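*Asks:*
Following this line, the structure appears as structure tokens:
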């Protein structure tokens with residue numbers, strides 16, 4: 065990585081861009097009033113997370129994150145938004161229960177997020193001496209088809225059951241007009 | 014160049030995951046429609062996946078295991094979204110609304 069003089073700056077800038085995308089997407093997804101903007105925030109957050117996975121030495125999961133979250137989950141939620149009408153009516157601000165609820169939610173999430181960050185900042189994370197595999201796509205494939213083959217089969221069965229269940233649930237109650 | 018790179022430290026990823034979790038928890042408590050709560054739940058899933066990937070990259074003796082676990086979480090999240098969205102559509106068909114306050118027939 066030292067062949068190009070500014071590569072350090074470029075890589076750090078890319079990391080900052082991906083981290084900012086993740087945080088901004090999460091904030092948009094949690095705070096925006098309209099649901100469609102919140103789905104776009106989730107997509108932004110997923111793109112940022114894919115970049116972070118790339119920095120964590122896992123290009124395979126970066127690809128999967130884009131494929132599953134941006135390509136499947138967000139598109140499915142957009143379809144559901146088109147079928148239902150999720151517009152939130154403006155909350156009657158100023159009522160004490162609304163203020164209490166909002167303040168409580170903010171307090172709880174800030175407390176848990178802050179304490180998790182504090183735990184992460186504690187010293188004592190030590191890297192292992194040796195690595196069993198290199199974590200490449202080849203190692204993942206070998207482990208999936210040897211050690212974790214039962215879990216692999218089970219999750220394929222679970223996806224099949226989920227597809228059938230979704231079809232049945234969404235179909236029942238539909239009247240032929 | 015003497016300082017270690019920021020993206021080679023586990024702390025920054027852990028803080029990002031904590032932020033994601035806090036945003037997801039806040040959305041889950043504050044949103045009033047079922048789809049909004051589902052999106053907040055996805056944020057919490059993402060926080061868990063980022064945490065797994067961080068420990069997998071920096072601390073695990075076998076870096077393939079965490080990636081496989083995160084892959085399974087992604088599969089479970091996709092299945093959960095499919096079933097939850099079909100339930101939401103069925104609820105909308107019955108109640109003409111997906112606000113969590115109005116879906117209260119089982120409330121007693």
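Chains as they are written, first to last, in this note's numbering: chain A, 65 to 241; chain B, 14 to 121. Yeah, the Cβ is synthetic: ideal placement off N, Cα and C, and Gly gets one too. Keep in mind it's a predicted model, so treat the numbers as computed, not measured.
(1) Checking the sheet assignment: what are the DSSP bridge partners for residue 162 of chain A?
(2) Which residue's Cα is closest to the Cα of residue 212 of chain A: B/106, B/81, B/97?
(3) Please go through the region 164-221 of chain A and give each complete alpha helix (DSSP H) segment of 4 or more residues, from N-terminal end onward.
(4) How far does the alpha helix (DSSP H) with residue 107 of chain B in it extend, from its first residue to its last?
(5) Pick out the complete alpha helix (DSSP H) segments inside the region 80-127 of chain A, 4 residues or longer, and give them in chain order.
(6) Could you please give the first and the last residue of the uninterrupted alpha helix (DSSP H) stretch that includes residue 133 of chain A?
(7) Answer with buried or exposed for residue 74 of chain A, where buried requires no fewer than 16 other C-beta atoms within 10 angstroms of its C-beta.
(8) Less than 8 Å between CB atoms is the rule here; does residue 83 of chain B satisfy it with respect to chain A?
(9) Answer with yes or no whether the minimum CB distance from residue 140 of chain A to chain B is below 8 Å.
(10) Are any of the Cβ atoms in chain B nearer than 8 Å to that of residue 146 of chain A?
(11) Between which two residues does the alpha helix (DSSP H) containing residue 27 of chain B stretch?
(12) CB residue 233 of chain A to CB residue 61 of chain B, shorter than 8 Å?
(13) Anything in the region 56-77 of chain B with a Cβ closer than 8 Å to a Cβ of chain A? List those residues in chain order, please.
(14) Return the CA-CA distance between residue 101 of chain B and residue 110 of chain B, expressed in angstroms with no decimal places.
(15) Alpha helix (DSSP H) containing residue 118 of chain B: first to last residue?
(16) Going by DSSP, what residue range makes up the alpha helix (DSSP H) through residue 58 of chain B?
(17) Give me, in chain order, the residues of the same chain whose beta-carbon lies closer than 7 Å to that of residue 73 of chain B; leave out the 5 immediate sequence neighbours on both sides.
(18) Three or more beta-carbon pairs under 8 Å between the region 31-46 of chain B and the region 174-181 of chain A, yes or no?
(19) Would you kindly check if the distance between the Cβ of residue 130 of chain A and the Cβ of residue 302 of chain A is under 8 Å?
*Replies:* With the structure as the only source:
(1) According to DSSP, residue 162 of chain A bridges with nothing at all.
(2) Residue 212 of chain A has its Cα closest to that of B/81, out of B/106, B/81, B/97.
(3) 201-209
(4) From DSSP, the alpha helix (DSSP H) with residue 107 of chain B extends over 76-108.
(5) 99-119
(6) Here residue 133 of chain A belongs to no alpha helix (DSSP H), and DSSP marks it neither H nor E.
(7) exposed
(8) yes
(9) yes
(10) no
(11) 23-43
(12) no
(13) 56, 59, 62, 63, 66, 67, 69, 70, 71, 72, 73, 74, 75, 76, 77
(14) 9 Å
(15) Per DSSP, residue 118 of chain B belongs to no alpha helix (DSSP H) and is neither H nor E.
(16) 47-71
(17) 79
(18) yes
(19) This structure leaves residue 302 of chain A out entirely; chain A is present only between 65 and 241.
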